[in-house]
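Going by this note's numbering, the sequence shown opens with residue 267, and the numbers climb by one from there. Glycine residues also receive a C-beta, built at the ideal position from the N, C-alpha and C atoms.
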Amino acid sequence: MAKNLIIVESPAKARTIKNFLGKEYEVVASKGHIRDLPKTSFGIKIEEDKFIPQYRVTADHQPIAKELKEKAKKAETIYIATDEDREGEAIGYHIAHVIGKKPEELPRIVFHEITKTAIKKALENPRTIDLNRVNAQQARRLLDRIVGYKLSPLLNKKIQKGLSAGRVQSAALKLVVDREREIKAFKPQEYWSIEGIFKKIEGSLIKYNGKKLDKFDIKSKDEAQKIVEELKPLEYTVREIETKTTTVKSPAPFMTSTLQQVASSELGFSPRKTMQIAQKLYEGVKTPVGETGIITYMRTDSLNIAKEAQQAALEFIKQNIGEEYAQAKTYATKNQNAQEAHEAIRPVDVRLTPDDLKNYLKPDELKLYALIFNRFLASQMKDAKFETQNIYIANDKGEFKISGRKLIFDGFYKVYGKPSANTLLPEFEKGEKLKPEDVKATQHFTKPPERYTEASLIKKLESLGIGRPSTYAPTITLLQNRNYVEVKDKKLHPTEIAFSVIETLEKHFPDIVDANFTANMEEMLDEVAEAKKDWQEVLKDFYNPFMELVNKGYKEIPSQKIAKPIDETCPLCGSPLVIRKGRFGEFIACSSYPKCKYTRPLEESKEEKKTDVKCDKCGADMVVKKGKSGEFLACSNYPKCKNTKPLNAPEVLDDVKCPECGGDIVKRKSRRGEFYGCANYPKCNFISKYRPVNKKCPECGYLMAERTYRKKDVYECIKCKHREEAKK
């Protein structure tokens, strides 16, 4: 029997770790957060300015909690081995409470990679659960609960049902809405450029009449044409030939945000998909050396690299790429508030190449691993070098500049990406006299700013300090799930309701959508993790002024819900009918709501199409109405008679009956195409992929159907599949 119990959060992680340890260890998974705030209530008790979370074991975790308690009773030592970020620290804290142990007394092991060496080293050097990190996570969780549970109902009441607000979510949404506002307000500006052709190479006019030209100096076609006519016939001299060496620096290894950005632009992966695949590569996959984790922890904003990993990369580069390519490099993150200062995302073992894993990983897993692998190698390679050349061709009236470059050392490009194509210039000599082959004018217009993609929004959130590595992907997913943004051509388009929400928040809750406020809050959470701030004080400082605004909002924010009266009365109570706005758009409702709950789709207020079809139940005429699934027939005597039927009744086969019950056979449609079935469904389940015919099978006596088989028309038995040529 195992003496030691190791508790992780993921079953995949548990399986991988179990492979590395002997029988004296049992490894089990909590399957994420075993305890959380309740979903159906606020879940925070406030007493004397103290915020007490009312945690509950979630319903789906009840059996797991029971299992952990039983195993914990039998174990001599219980190790908490959840992920090494704040979320993992908090999961370990909750596990300790569930199994009846004091969090500060349980040995806590952490590792940046899931390998045999890393696990054994962690077991030899346990620490305790970091309660400061736990409190930082609790503060974040409670802040988000306060905003979500107190602000969302206000939006539901004042704008429409189904809306939500969040501390990070709303700040991110404002960025998308602000960008759309810029695009709508944008007015294109016309400008012109002048190009001269010398030795079949195009150069740009950079000076005219002794003055350096700015981008917008030439504003009209007439102005541009005048310059062209003046410069075209003149002779020019090669005034200067400037040659120099430039470098393109090797890229830093990945952290969470840059991995999501590059995977989006190069692989077309959404941030959510990227993190799901990366999680699997971290927790363990099958490899030539057994099941093991093949990348380091993927939620990080650090660019640190372990000395051993750096040395291994340099050795690999020297042996497989060339000694002249290797160069040890260190990188520092631009984010001053980087909290999870562990390591950048890298392969656990550079000797395990993407080629080695071709037969072990799924295609998308291999793509992401190759991206991480090559980026890490590139980070330890020399910069690429280019020879750049600028040719200045001038006279007293104008000066043109021709630029070119060629790659002289590929450096990190050897393994990561491809440099842009060389622009090779013909031979020019200083003092050489030239006449242009052509001088032309090109019209340009300024363009509006680009809408955010998922990748560029993550980059913006990171630069502003909004959120942390673990929040980027869930935030963007939430904006889409709430119908605040739509993805069209990989761009994020805000919906109409997004504008309504942001306008309301800007006016009445400016801090919630303010990037600086949100970033400052992240800094305070960092200070809680570093024991520089008390988490209860952070909550109190936010809660009291926030709730004042919420209470004020209920009184002062005007309702944006549409309630336009129409010239009709309610058929149930006789009150006037009005147009209201709900989660799915406008609809007709009774003005006496909630006493009377009569509603109907807005389309029904328009003139209804009359038909000759009689109602089966009351004999009244039926009319065409429109619902969520399209048009249908409804009794004109509604609401007294609520009979409905499909607008287009299915085709009935006149000359053949169901072989099972004798009922009619009708032609139907499904998402997989057309088929034939009994009209008495669901009482009768007869079905045929092909059109039945009034012919019995000579083999079994069942009904046959007509179809094309090997380019021939045949009759085929629906039951035994006997075929014979169809004679028509």
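Hey, how far is the Cα of residue i from the Cα of residue j?
i, j, result
"V555", "D622", "10 Å"
"E290", "H360", "25 Å"
"S741", "V434", "As written in the sequence, residue 741 is Thr, which differs from the Ser given in the question. Each residue's Cα considered, the two are about 7 Å apart."
"S307", "D882", "48 Å"
"N285", "T343", "19 Å"
"T282", "L547", "11 Å"
"L525", "V494", "48 Å"
"L723", "L439", "10 Å"
"E333", "P419", "38 Å"
"R973", "K923", "18 Å"
"D676", "K684", "9 Å"
"E940", "H608", "58 Å"
"E716", "K382", "47 Å"
"F535", "K628", "15 Å"
"Y457", "K481", "7 Å"
"S871", "S841", "Residue confidence is low: S871 scores 45 on pLDDT, short of 50, so the model does not pin down where it sits. Its coordinate-derived value is still stated next. Approximately 16 Å between the Cα atoms of the pair."
"I768", "D444", "9 Å"
"L791", "K861", "47 Å"
"P958", "N903", "39 Å"
"P964", "E631", "54 Å"
"K498", "R447", "43 Å"
"L409", "L429", "18 Å"
"M564", "T910", "55 Å"
"C884", "A900", "12 Å"
"K987", "N960", "16 Å"
"G733", "L441", "13 Å"
"E336", "V293", "14 Å"
"K977", "C966", "25 Å"
What does the Cβ neighbour count give for residue i, buried or exposed, with the cut at 16 atoms within 10 Å?
i, result
"T511", "exposed"
"N951", "exposed"
"K993", "exposed"
"I330", "buried"
"T704", "Residue identity check: residue 704 is Asp in the sequence provided, not Thr. D704 should be labelled exposed."
"Q576", "buried"
"S436", "buried"
"K424", "buried"
"R617", "exposed"
"E549", "buried"
"S825", "exposed"
"Q404", "buried"
"C983", "buried"
"M813", "exposed"
"S516", "buried"
"E991", "exposed"
Let me make sure I understand the geometry here. Which of the options has the alpha-carbon closest to that of residue i?
i, options, result
"Y626", "I543, A579, K830 and K552", "K552"
"V918", "P925, D930 and T910", "D930"
"K465", "L691, E314, Q527 and E574", "L691"
"S523", "P925, I310 and A739", "A739"
"I375", "D396, K684 and C924", "D396"
"I583", "R538, G550, L643 and F535", "L643"
"V614", "R973, E379 and I463", "E379"
"K663", "E501, I763, P958 and E814", "E501"
"M521", "S645, S857, K416 and E557", "S645"
"T928", "K935, K977, R938 and A945", "Residue identity check: residue 928 is Gly in the sequence provided, not Thr. With distances taken between Cα atoms, G928 lies closest to A945."
"F652", "E965, E313, I412 and R671", "R671"
"K891", "T558, G885 and P912", "P912"
"E508", "N786, A362 and I668", "I668"
"K757", "E789, E574, A721 and A325", "A721"
"P319", "A384, F452, L303 and A325", "L303"
"H242", "D315, I312 and T324", "Because the chain here runs from 267 to 994, residue 242 falls outside it and cannot be looked at."
Let me check one thing: in DSSP terms, what residues is residue i bridge-paired to?
i, result
"G298", "None, per the DSSP bridge assignment."
"V959", "M970"
"Q655", "T509 and G670"
"G939", "S936"
"P419", "Paired residues: none, contrary to the question."
"P613", "I561"
"K552", "E557"
"N270", "Y291 and T343"
"C856", "L843"
Using a Cβ distance threshold of 8 Å, determine whether the segment 657-676 contacts the segment 620-638, with at least three qualifying pairs required.
no
_Three Cβ pairs or more, each shorter than 8 Å: is that satisfied between the segment 713-729 and the segment 380-390?_
no
For the pair the segment 338-353 and the segment 273-282, tell me if three or more CB-CB distances fall below 8 Å. yes
Assess contact between the segment 793-812 and the segment 456-474, defined as three or more Cβ pairs (one per stretch) separated by less than 8 Å. Is contact present?
no
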